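Numbering-wise (this note's numbering), the sequence shown opens with residue 443 and increments by one. Quick reminder that beta carbons are idealized off the backbone N, C-alpha and C, glycines included. Please read all numbers here as calculations on a predicted model, not as lab measurements. Read the structure below first, then the notes.
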Amino acid sequence: MSEFENYQPETLAVRAGTERSQFHEHSEALFLTSSFVFDSAEQAARRFIGEEPGNIYARFTNPTVTMFEQRLAALEGAEQCIATASGMSAILAACMGLLKAGDHVVASQSLFGATVNLFNNILNKFGIETSYVSATDVAQWRAAVRPNTRLFFLETPSNPLTEISDIAAISAVAKECGALLAVDNCFCTPILQQPLKLGADVVIHSATKYIDGQGRVLGGAVLGDKKRLEGVYGFLRTAGPTMSAFNAWVFLKGLETLKLRMDAHCANALQLARWLEAQPNVAQVFYPSLPSHPQHELAMKQQKSGGGIVSFEVKGGKEAAWRVIDNTQMLSVTANLGDTKTTITHPASTTHARITPEARAAAGISDGLIRIAVGLEAVEDIQRDLARGL
Ligand SMILES: Cc1ncc(COP(=O)(O)O)c(C=O)c1O
443 MSEFENYQPE
453 TLAVRAGTER
463 SQFHEHSEAL
473 FLTSSFVFDS
483 AEQAARRFIG
493 EEPGNIYARF
503 TNPTVTMFEQ
513 RLAALEGAEQ
523 CIATASGMSA
533 ILAACMGLLK
543 AGDHVVASQS
553 LFGATVNLFN
563 NILNKFGIET
573 SYVSATDVAQ
583 WRAAVRPNTR
593 LFFLETPSNP
603 LTEISDIAAI
613 SAVAKECGAL
623 LAVDNCFCTP
633 ILQQPLKLGA
643 DVVIHSATKY
653 IDGQGRVLGG
663 AVLGDKKRLE
673 GVYGFLRTAG
683 PTMSAFNAWV
693 FLKGLETLKL
703 RMDAHCANAL
713 QLARWLEAQP
723 NVAQVFYPSL
733 PSHPQHELAM
743 KQQKSGGGIV
753 SFEVKGGKEA
763 AWRVIDNTQM
773 LSVTANLGDT
783 KTTITHPAST
793 THARITPEAR
803 AAAGISDGLI
813 RIAVGLEAVE
823 DIQRDLARGL
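The following block contains the structure:
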């Protein structure tokens, strides 16, 4: 969006991408229509062969979805954004568009569980192999490269331990090896981190998280250079994991308050992390803004702030962790994150229950670990809810 080149993120989040209809509405309109009509048979023909831009059918494009795509692209500094039905369909569309049978992927071992499932149990059936390496050890990424490696894939900060991957260093290795780097930016959002500016080639979002921010709808996005994403758009247009117009409209409104919400999530999370560090029954706190975090310096260089996720290990293993969760009265016991309402989860028995105990231990996910996705309630109230079980 060149007209918004010199604007601040707060302004882009409110203004970028708006296209007014003939009715000159002030707030972005919700276009609930599955298809679009043409002025003539000739115009229909021109649209279908791509000679004339414009909407044809909502599986391909919809004006409300396009506004959301333009706004998120402006925030990420991307040439193109392709909106999808969920975060997982964004990852699927990116892989289907960028990879083919016989290709190899190097991925962080600290990825969202469904992403690992997609690589291991779905894409592998179509001849795409994935190797996993440490999120934080750049040398392992280089060592895992094969002649057919086409894609590096990571999330930073990781879930639930908030490990930080060095995007610039890993992108340099990817470039040297002729691979693309895709970064799932769902934990930070473009407000805290812009992976394309650090050297990533593709950014992925689960808009379901902070972009909506209020736990209402599912959505995702793939962002990058237009030419590079041609195959991704082709997959979406043909296979159809398209974002609905209604969800795009919710996300457009979500983006307008994203900066305010992220600032408040981060401020609450930092205060909570400091308080948790002072609790006698807490063995360790994982939060990038704490000086005790192993990649604190890198995090503070790469991200504007620590984000909204705080994990901590309770002394006493699973029993103690479940006691903390069961003694909360206000927090939502759910695995979702990125909501105004604080959520609490026990990764070892929920999000990471399907992996073997050995793999869990290797990933550092102990039985005493609790993840908090810090919401926008008063932090004193969140602390009081946790203090009961601690
Ligand atoms: C980091 C990350 N990426 C992707 C996803 C998948 O997103 P969705 O649930 O919108 O498909 C999630 C969902 O929890 C996630 O946490």
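Under 8 angstroms, do residue i and residue j count as touching if we go by C-beta distance?
i    : j    : result
D643 : A663 : no
L474 : F688 : yes
R813 : S753 : yes
A532 : V507 : no
N601 : F561 : no
A761 : A725 : The sequence given here places Glu at residue 761; Ala does not occur at that position. No. Outside cutoff.
E470 : M530 : no
G748 : A741 : yes
I491 : F478 : no
T578 : H546 : no
S731 : A709 : no
Q744 : L828 : no
A543 : K701 : no
A515 : L665 : yes
P789 : I767 : no
F595 : W583 : no
G655 : D781 : yes
E739 : V727 : no
Q721 : V821 : no
Q771 : I606 : no
Quick check: is any heavy atom of ligand 1 less than 7 angstroms from the C-beta of residue i?
i    : result
G749 : no
M538 : no
G412 : The requested residue 412 does not occur in the structure, where the chain is confined to residues 443 to 832.
D654 : no
E518 : no
F629 : yes
T787 : no
A704 : A quick correction: the sequence has Met, not Ala, at residue 704. M704 Cβ: outside cutoff for every heavy atom of ligand 1.
N723 : no
F554 : yes
L660 : yes
M685 : no
T453 : no
E605 : no
T650 : yes
G682 : no
N601 : yes
S528 : yes
D608 : no
Please return the same chain residues whose Cβ sits closer than 6 angstroms to the Cβ of residue i, not counting the five positions on each side in sequence.
i    : result
Y574 : A549, Q551
R501 : G682, T684
R765 : G831
G459 : M509, Q512, R513
I797 : none
T776 : T785
S576 : Q582
What do you reckon, is the C-beta of residue i under 7 angstroms from a heavy atom of ligand 3?
i    : result
D781 : Summarising the ligand content, the structure contains ligand 1 and does not contain ligand 3.
Between the options, which has its C-alpha nearest residue i's C-alpha?
i    : options                : result
S528 : N723, L660, I564, G758 : L660
T631 : G519, R765, T792       : G519
L622 : A706, F629, T699, C537 : C537
L818 : M704, A790, G569, F693 : M704
T503 : K783, I751, L714, R679 : R679
G841 : A483, G780, S791       : Residue 841 cannot be examined here, being either before or after the span of the chain that is shown, 443 to 832.
H707 : T460, I824, Q464, P495 : I824
E597 : A611, D626, V587, H468 : D626
V674 : A690, V645, W691, K651 : V645
F629 : R826, M772, A815       : A815
What residues in its chain sit with their C-beta under 7 angstroms from that of residue i, if we drop five residues either side in the sequence?
i    : result
N778 : G657, T785
T453 : none
I653 : T631, H647, F693, G696, L697, L700
G612 : Here residue 612 turns out to be Ile, not Gly, going by the sequence shown. The residues are V580, W583, F594, L596, L623.
Take residue i and list the residues in its own chain whose beta-carbon comes closer than 8 angstroms to its own, dropping the five residues that flank it on each side.
i    : result
F480 : A486, R489
Q450 : none
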